[in-house]
Amino acid sequence: MAERRVNIGWAEGLHARPASIFVRAATAAGVPITITKAGGAPVNAASMLAVLGLGAQGGDEVVLASEAEDVEAALDRLAKLVAEGLEELPETV
Numbered sequence: 002m003a004e005r006r007v008n009i010g011w012a013e014g015l016h017a018r019p020a021s022i023f024v025r026a027a028t029a030a031g032v033p034i035t036i037t038k039a040g041g042a043p044v045n046a047a048s049m050l051a052v053l054g055l056g057a058q059g060g061d062e063v064v065l066a067s068e069a070e071d072v073e074a075a076l077d078r079l080a081k082l083v084a085e086g087l088e089e090l091p092e093t094v
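Okay, so the sequence shown: first residue is 2 according to the numbering used here, each after it adds one.
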């Protein structure tokens, strides 16, 4: 299993607009990816309701993970998005 540990860079955490940006990026990855907040269960990163249900705040550590093949680049892109609080998914890693 590949995973990335990252602190949330959006001040407001994974709520509303940042969650929407993250979910769209996770869906675009085209492979199953989960996101987990410390002490919680992994949830589908492509599910808006699941991501909002995490209650992840700015600065919280989350774990992005996948058992899919060749997922390293996708996890790197998502980790960068989350860590830097970007408004859109970067075109390149």
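For glycine and all other residues, C-beta sits at the position ideal for the given N, C-alpha and C.
Since the model is a prediction, treat every value here as computed from it, not as a measurement.
In the DSSP assignment, Glu73 falls within the unbroken alpha helix (DSSP H) covering Glu73 to Glu85.
Cβ atoms of Met49 and Val83 stay farther apart than 8 Å, at about 15 Å. Gln58 places its beta carbon less than 8 Å from that of Gly14.
For Gly40, the closest C-alpha among the options Gly56, Glu4, Trp11 and Ser21 is that of Gly56. A residue is called buried once 16 or more other Cβ atoms fall within 10 Å of its Cβ, and Arg5 is buried on that count.
Distances from the alpha-carbon of Ser67 to those of Leu76, Gly60 and Asp61 put Leu76 closest. Here the C-alpha atom of Thr35 lies approximately 5 Å from the C-alpha atom of Val44.
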